[in-house]
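Asks: Please find one structure pasted underneath; my questions will follow.
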């Protein structure tokens, strides 16, 4: 009997290495599943709490807007602060001219009307400035077209209205030039039908952007571009896209309204070929006037800067 027991013990098969590892890992897997379930529950609870807080914030924001809607419509600075409050919680009062915010505050129609007026000013001045206009000049002309009794328009209002013109495609683009901005646009060629459409919209005081501008979207192409130039902006409505070289060229011309090739080579440390290429692009796009009567060398004048130069002198 003792010998049989010994043979029996010798013949027993020990657990395999993988089975032993699985047995040791079972408690760990169980704890891992428990932690995962607890983490999911905590995340859901946090999400619920955040959702409640956001809903409460929106309710308070709606109450604030209702109590101060006159100030929001009348005061540009107050309107900017309200827009920033809305953006912090993902609310866009300009998302639709028929939405809750637009109907309660009246800001929807305000910005769509402003967008139409911006396009009218850019088209009316493109023959003079080649489609490049300073944001301050744009604001002055928009205010004149709106009349003295209309509400004040700030630079922020212009930029928000231009942003809404993205429905036309790439549309208007804001280009920084020094400490200000310029606005660039691509108007295309308008037929008499499109001109008559603008006249009808102006006479009837049509303020619906989609109804009026959807007809123009094809001929407007990529639309308008807003360019920062120093402390102001300019609006450009030309077919080409400005590079950093063109932007630097605008900065050089801002103070006097003109530049020369030698000035660019000296101040910007450019080679002659680079300066010539940038200037020829501006000439080709109709953004500059060439003065061959200037003493010394050819001067390149920017009609977009004429109002600023005249005011400075």
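Numbering (our numbering), first residue to last: 603 to 915. Cβ coordinates follow ideal geometry from the N, Cα and C atoms, glycine included.
1) Identify which residue in 679, 754, 685 and 758 has its Cα closest to the Cα of residue 663.
2) Would you report the Cα separation of residue 645 and residue 660, rounded to the nearest angstrom?
3) Kindly indicate which three-state DSSP category residue 717 falls into: helix, strand or coil?
4) Is it buried or exposed for residue 901, if we count other Cβ within 10 angstroms and need 16 for buried?
5) Taking 9 Å as the threshold (C-beta atoms), are residue 763 and residue 735 in contact?
6) I'd like to check one pair, residue 870 with residue 850: are the Cβ atoms closer than 9 Å?
7) At the level of alpha carbons, what is the spacing between residue 807 and residue 743?
8) So what does DSSP say about residue 888, is it helix, strand or coil?
9) Using the C-alpha atoms, what's the distance from residue 675 back to residue 727?
10) Would you mind working out which of 890, 656, 718 and 868 sits nearest residue 733, comparing C-alpha positions?
11) So residue 851 is in the alpha helix (DSSP H); what residue range does that whole segment cover?
12) Quick check on residue 657: buried or exposed, where buried means 16 or more other Cβ atoms within 10 Å of its Cβ?
13) As a quick exercise: from 682, 852, 862 and 717, pick the residue whose alpha carbon is nearest that of residue 896.
14) Taking DSSP as the reference, what is the three-state secondary structure of residue 729?
15) Taking the alpha helix (DSSP H) that residue 761 belongs to, which residues open and close that run?
16) Going by C-alpha to C-alpha distance, which of 757, 670 and 864 sits closest to residue 717?
17) For residue 901, report the span of its beta strand (DSSP E) as first-last.
18) Answer yes or no: do residue 687 and residue 666 have a C-beta to C-beta separation smaller than 9 Å?
19) Which residues share a DSSP beta bridge with residue 893?
20) Does residue 912 pass the burial test, meaning 16 or more other C-beta atoms within 10 Å, or should it be called exposed?
Replies: Answer, in terms of the structure:
1) Residue 685 is the option with its Cα nearest to residue 663.
2) When rounded, the distance between both Cα atoms is 22 Å.
3) DSSP places residue 717 in helix when its eight states are reduced to three.
4) Classification for residue 901: buried.
5) Between residue 735 and residue 763, the C-beta gap is not smaller than 9 Å, which leaves the two residues out of contact.
6) In this structure, residue 870 lies closer than 9 Å to residue 850 by Cβ.
7) At residue 807 the pLDDT is 37, less than 50, meaning the model places this residue with poor confidence and gives no usable figure here.
8) Of the three classes helix, strand and coil, the one that applies to residue 888 here is coil, per DSSP.
9) Between residue 727 and residue 675, the alpha-carbon positions lie close to 28 Å from each other.
10) Among 890, 656, 718 and 868, the Cα nearest to that of residue 733 is on 890.
11) Annotation: the continuous alpha helix (DSSP H) that includes residue 851 extends over 846–855.
12) Burial call: exposed.
13) Cα-wise, what sits closest to residue 896 is 862.
14) The answer is helix: DSSP assigns residue 729 an H, G or I state.
15) Per DSSP, the unbroken alpha helix (DSSP H) holding residue 761 starts and ends at 757–766.
16) Ranking 757, 670 and 864 by Cα distance to residue 717 puts 757 first.
17) Start and end: 901–903.
18) Yes, they are a contact pair.
19) Bridge partners of residue 893: 901.
20) Reliability fails at residue 912, whose pLDDT of 49 lies under 50, so the model's placement of it is uncertain and no value is given.
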